[in-house]
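Residue numbers (this note's numbering), protein chains in the order written: chain A, 976 to 1366; chain B, 1375 to 1853.
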Amino acid sequence: MKKILLLLLILLLTGCYNYRELNDLAIVSAIGIDYKDNNFEVSIQIVNPKKQQDSSSANEPDFIIYKSKAKTLQEAFRNVVDTSPNRIYGSHLEILIISEEIAKNHMDKLFDFFAREPEARSEFNILIAKNSTPNDQISIITPLINLSATNIKTLIETNSQNLATTVKLTFNETFNQYLNPYLEIILPSLELIGEEEKGQEQENIAQTNTNNKVKLSTIAIFKNNKLIGYLSEEESKGLNILLNKANISLISSKYHDNYIVSEIDNIKTKFDIDVYKKEVNITIKGHSIINEVNSNINIKDPKVIDNIDKNIENELKKIIENTIYTTQNTYNSDVIGIRDMFYKKDPNYLKKNYSNWDEIFKQIKFNINIDLKLYEKGNTTGGSLYEKNHY
Amino acid sequence: MEKIIEKLKKETNNLSDIIYRIKYINNQKIYIIYNEPLVSSDKISDFIIRSLDNIDKTYKNKIDLYSVILNDINNFKVTQINNYQDIVFYLHNGFTIILFENNTALAFETKRNLSRSISSPTTETTLRSANDAFVEDIQTNTGLIKRRIKTNNLWIKNIQIGKQSNTKVSLFYINNITDKKLVKKVEEQLKKINIDSIIDSSTIKNLIENENKNAFPTIATSERPDRASNALLEGKIVILVDNSPFALILPNFLNDIFKSTEDNYGKAINVSFTRLIRFIAFFITLLTPAVYIAIITYNQEMLPTQLLISFASQRSLVPFPAFFEALLMILSFEILRESDLRIPNFSSSALSIVGALILGEAAVNAGIVSPIMIIVISVTAISALLFTEPEVIYAIRIYRIIFMLASAIMGLIGVIFIFIFFILKLSSLYSFGKPYLIPYAPTSITGLKNSFIKLSTKKQNKRNPYLSKNKIKYRSDTK
């Protein structure tokens, strides 16, 4: 018994360090950061714990936005305490939305603050507010998933698993891209549809057709840690495939007069680099499934299947070529990570040519090999139109 | 003769329960002495008085009454006594004593049946197994064990303990299986006992185990003869105490609290699953409140966001710290449990309604506890009820509170800290010289075959080497 008492006394020496009752915490789910007039404008989305599942709190909002502003990020976050009665608790941060202004000029400050903050979990996603302010985007009340942060996070998750038009990156991964001198940052972006004022009212989710909502947009391209532009949807798909981040994507290719839509999955991209010839051979392998056939063709015919297969491959090749062209020429930003591959292959070469990489990158020749295996055609064996005509 | 009667009357303060009847047989005076509450009057009149009358009629000449009575009386258990102490002893054991003029005496067994008949067990119920339980009478209990183990090797040592109660204590073991040193050790400890009375077997239990050193029991109690027999065959010792329906089984290990009698009869694969559930329940009942408090007050980042939000919304109306909340609920549950054990059956339904209302609906509505806390405490409480041994439940309860204190002070680190302490404490424990954590530490492959999983009966063909030198218990020649 004496031993037990002694041990319990040792426990008391810690003085309940880090004790915080759940009631005293303001759980931060999303943060929006904007930069205006030499000031950081921070809006913090806090989960409203009083919102219960019962009817008595039906009118309570699911989350509350606190705003503050200061010349540095830390000060801005501390100033929130002026308005929030509870301590800000950042471990459950899910979404960080930054304005284009931040993305263009203040990425360094942002990374420093969030990497230094011990409480923030490094699993949150960063997005760029494309056509409105971050504050507006996190304030929108969303249906189905009540908490708008979770809503956005789920959007990214679902998109990367089904369409791959945006990129799913945690803060940690983005920070690694930032620290690596041979890589460029890419971030997903977010658009606001409708009016932001109305989107913040409870009536927004009282209708079946929600007018005001957020929509995932395409990948934002950085160069030297500064935002320079956005890819198109097709190019985003291409970039995801090149970065081996796409599991499943859709490709619609023209066949004769109409479209054939196919889903491609199990995509694996391999790079083979020849440093001195400045040549990159890209091999993309994967499976494709026919999802929709609009033309009057017989898919039972092996010849037709071969044609379709080639068609899909060509379409994918076009997408990849477009993507590479855009990154190479339009933005001249090495988001595919070719520089990193060069560095791993031959560090000395890259060290010598580090300063004129932009020029080298433009000269690199890409050879694209695509090998897709069509292995599923769906339930109607021949194509519905063909079956109907040849009944 | 008269002197003895005088002495007896004086010592018992002329107790009216003791009947002294004078009878003249063959013109010789004898005393028939018996203790009325303990004897059956039928037996006395049928077998003793009638036999004596017959003797009186048959023998007209002067005879040696002592030997004639010894031979002719219709009773199967006769003891010859020649000192005063024995007279007293047999008198208080329900014997009828015939005292002769030359101060010799004969004692005839005329016990009244004071114990209830064999009924089904109440504290260790099973679905499929023998349904008899020990009763208060040690003779019946001995019979119940002997009926299951019919061998000369079932050895019994009888010891009288208790200066006032003179209780019969029987130590059972199987001679060619049980460790001799263990038997000797236990026997010595039993003989050392110097106490006024033994009313129940638990008195012996408390005297021979280190009562206050540890909360977990190093001696198991059971009212099932089949469990006692199984333990004997494993190489354990069973102690039966007169007037107690609970046999003591020793040594007892931590692993034994996860076993139930029924496990011996079930299919190995199904038993293994049940065992796993008991293991999980053990840790649930030990750790759930502590881990919940730690997560909710220190380590909120451990939870998925959705769950944290749900916890926060449930806790938002509760003004107390989580630790106090948990303590309050555990306290009220323990009060409820204790009162449920004590009150007579007819008021238990009222109790359960009040309990359900107070612990459930009303406490939440009043904002004293959060719904999640009720779930935590319920799961904890239900899991504890899996263990039949009350001592185990109480031991778990003590450690649960220690875990909770640690988590309230240091969070998850505190829980881990106390958990290490808990394991150390258990592994430093011995049950009659055998490590308490057998077969986990020290590891015994044979023992592990019947631990958190149970292998098929064919594969369990050896005894635990820590219990018995006679290892082979079953040889599976048929395949």
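Note that the Cβ used here is the ideal one computed from N, Cα and C, for glycine as well.
Name the chain A residues whose beta carbon is nearer than 8 angstroms to that of residue 1589 (chain B)?
Simply none; closest approach about 11 angstroms.
Quick one: grab the DSSP three-state call for residue 1710 (chain B).
helix
By the criterion of Cβ-Cβ separation under 7 angstroms, what are the contact partners of residue 1810 (chain B) in chain A?
The contacting residues do not exist; residue 1810 (chain B) stays about 17 angstroms from chain A at best.
How many whole angstroms separate the CB atoms of residue 1795 (chain B) and residue 982 (chain A), which I take to be in contact at a CB cut-off of 8 angstroms?
Contact flag correct, Cβ pair sits at about 6 angstroms.
Going along the chain, which unbroken runs of the beta strand (DSSP E) with 3 or more residues stay wholly within the region 1588 to 1656 of chain B?
1594 to 1596, 1611 to 1615, 1621 to 1624
Kindly list the residues whose CB is nearer than 6 angstroms to the CB of residue 1018 (chain A), restricted to its own chain and excluding five residues on each side of it in sequence; keep chain order.
1007, 1040, 1042, 1110
Is residue 1434 (chain B) helix, strand or coil when you go by DSSP?
coil
Please classify residue 1033 (chain A): is it buried, with 16 or more other beta-carbons within 10 angstroms of its beta-carbon, or exposed?
exposed
Going by C-alpha distance, which of A:1295, A:1055, A:1366 is nearest residue 1342 (chain A)?
A:1295
Taking a Cβ distance cut-off of 8 angstroms, strictly less, list which residues of the region 1051 to 1071 of chain A are near chain B, in chain order.
1064, 1066, 1067, 1069
Please report the distance separating the alpha-carbon of residue 1674 (chain B) from that of residue 1812 (chain B).
37 angstroms
Give a yes or no on whether 8 angstroms exceeds the smallest Cβ distance from residue 1675 (chain B) to chain A.
Residue contact with chain A for residue 1675 (chain B): present (Cβ-Cβ distance below 8 angstroms to some residue of chain A).
Taking buried to mean at least 16 other C-beta atoms within 10 Å of its own C-beta, is residue 1819 (chain B) buried or exposed?
exposed
Please report the distance separating the alpha-carbon of residue 1418 (chain B) from that of residue 1483 (chain B).
9 angstroms
Classify residue 1275 (chain A) as buried or exposed, calling it buried when 16 or more other Cβ atoms lie within 10 Å of its own Cβ.
So residue 1275 (chain A) ends up on the exposed side.
Quick check for students: name the residue ranges of the alpha helix (DSSP H) that lie wholly in the region 1528 to 1596 of chain B, counting only runs of 4 or more.
1554 to 1566, 1575 to 1582
Taking the continuous alpha helix (DSSP H) assigned at residue 1334 (chain A), which residues delimit it?
1332 to 1338
Can you list, in chain order, the residues of the region 1653 to 1675 of chain B whose Cβ is nearer than 8 angstroms to any Cβ on chain A?
1670, 1671, 1672, 1674, 1675
Counting only beta-carbon atoms, is residue 1683 (chain B) nearer than 8 angstroms to chain A?
yes
Could you check whether residue 1676 (chain B) and residue 989 (chain A) sit closer than 8 angstroms to each other, using their CB atoms as the reference points?
no
Would you be able to state if there are at least three C-beta pairs under 8 angstroms between the region 1799 to 1806 of chain B and the region 1676 to 1690 of chain B?
With the cut-off at 8 angstroms, the region 1676 to 1690 of chain B and the region 1799 to 1806 of chain B do not touch.
Buried or exposed: which applies to residue 1152 (chain A), given that a residue is buried once 16 or more other Cβ atoms fall within 10 Å of its Cβ?
buried
Could you check where the beta strand (DSSP E) with residue 1166 (chain A) kicks off and where it finishes?
1161 to 1168
Residue 1774 (chain B) versus chain A: which residues are under 8 angstroms apart at the beta carbon?
Within 8 angstroms Cβ-Cβ: nothing; residue 1774 (chain B) doesn't reach chain A, min ~14 angstroms.
Got a sec, what are the start and stop residues for the beta strand (DSSP E) residue 1238 (chain A) sits in?
1233 to 1249
When burial is assigned at 16 or more other CB atoms within 10 Å of the CB, is residue 1853 (chain B) buried or exposed?
Legend: pLDDT at residue 1853 (chain B) = 44, less than 50; position of this residue unreliable, no value from coordinates given.
Between the C-alpha atoms of residue 1219 (chain A) and residue 1199 (chain A), what's the straight-line distance to the nearest angstrom?
Taking the straight line joining both Cα atoms gives about 23 angstroms.
Show which residues of chain B have a CB atom less than 8 angstroms away from the CB atom of residue 1024 (chain A).
Residues of chain B passing the Cβ test: 1683, 1686, 1687, 1689, 1690.
How long is the line joining the alpha carbons of residue 1156 (chain A) and residue 1201 (chain A), rounded to whole angstroms?
14 angstroms
Chain B beta carbons: is any one of them nearer than 8 angstroms to that of residue 994 (chain A)?
yes
Could you tell me how far apart the beta carbons of residue 1510 (chain B) and residue 1411 (chain B) are, in whole angstroms, since I believe they sit closer than 8 angstroms?
At roughly 16 angstroms, the Cβ-Cβ gap does not stay under 8 angstroms, so residue 1510 (chain B) and residue 1411 (chain B) are not in contact.
Can you find the residues in the same chain that come closer than 6 angstroms, C-beta to C-beta, to residue 1822 (chain B), ignoring five residues on each side of it along the sequence?
If we look at residue 1822 (chain B) and ignore the five residues flanking it on each side, its Cβ neighbours are 1813.
Are the beta-carbon atoms belonging to residue 1781 (chain B) and residue 1664 (chain B) less than 8 angstroms from one another?
yes
Check whether the Cβ atoms of residue 1174 (chain A) and residue 1259 (chain A) lie closer than 8 angstroms to each other.
no
Would you say residue 1091 (chain A) faces chain B, with C-beta separation under 8 angstroms as the test?
no
Quick one: any contact between the region 1549 to 1562 of chain B and the region 1508 to 1523 of chain B, if contact means 3 or more CB pairs under 8 angstroms?
no
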